[in-house]
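Participant: Residue numbers (my numbering): 2 to 222. Cβ atoms here follow ideal geometry from the backbone N, Cα and C, with glycine treated the same way. Please read through the structure below; I'll follow up with questions.
Written out as structure tokens, the structure reads:
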């Protein structure tokens with residue numbers, strides 16, 4: 002446990018094996034391990050809204066599984082286009098480092114989410130509105146995503162100094178990931194679980210558009 006926390010601290014500070022531009026190979030398994038380790042912590046707390054029965058406790062487990070699933074599935078869907086664009090811009094030789102930067106961003110996002118889990122649980126104690134819970138969790142994901150992009154940019158700066166076209170790919174990844182991630186999160190719902198709805202791993206409803214639903218939540222359409 003102490004070793005894991007020490008590695009996480011090194012990663013957050015961009016030090017040791019996780020220093021950007023370091024010539025020595027980093028442990029390739031550690032970044033996915035951080036995503037799988039920290040993501041479920043927030044997912045379980047997110048799924049604890051309206052926890053008033055053993056059945057609702059099952060949703061905590063489902064949400065814990067689905068947070069890393071959301072991050073990995075979104076990345077996998079975005080990677081083919083990301084690879085092709087890197088190749089077209091003559092950046093294919095750096096793709097392994099670019100992929101590592103992407104994974105670092107996901108790991109940073111997961112750690113940030115885990116750090117926000119107590120805040121989310123405190124919000125649930127203070128507010129019992131399902132709509133408010135949805136918006137609050139969206140805000141937490143936004144904050145964590147910003148933290149993840151800070152980590153990703155730390156590694157991308159090395160690539161951009163080497164080849165300025167990497168700046169284009171960084172922007173392209175951020176846009177593509179956000180677009181796919183929002184819809185993927187909607188398809189993998191419920192993460193919170195509406196009161197009165199049966200607990201299920203996936204919602205048994207026709208496919209719909211996340212962006213329309215977000216607009217309805219914000220503007221009350």
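When the Cα atoms are used, what is the spatial distance from residue 52 to residue 118?
Facilitator: Going by C-alpha positions, residue 52 is about 15 angstroms away from residue 118.
Participant: Report the three-state DSSP secondary structure of residue 198 (helix, strand or coil).
Facilitator: coil
Participant: Give the secondary structure of residue 20 by DSSP, where H, G and I count as helix, E and B as strand, and everything else as coil.
Facilitator: coil
Participant: With a threshold of 8 angstroms, are at least 3 pairs of Cβ atoms found where one atom belongs to the stretch 139-158 and the other to the stretch 111-126?
Facilitator: yes
Participant: Below 7 angstroms CB to CB, which residues in the same chain sit around residue 40 once its five sequence neighbours on both sides are set aside?
Facilitator: 68, 69, 72, 111 and 114
Participant: Mind checking whether residue 85 and residue 153 have CB atoms under 9 angstroms apart?
Facilitator: no
Participant: Using CA atoms only, rank isn't needed, just tell me which of 120, 36, 97 and 180 is closest to residue 66.
Facilitator: For the residues 120, 36, 97 and 180, the minimum Cα distance to residue 66 belongs to 36.
Participant: Just how far apart, CA to CA, sit residue 174 and residue 78?
Facilitator: In a straight line, the C-alpha of residue 174 is about 11 angstroms away from that of residue 78.
Participant: What are the start and end residues of each continuous alpha helix (DSSP H) run of 4 or more residues lying completely inside the stretch 143-186, in chain order?
Facilitator: none
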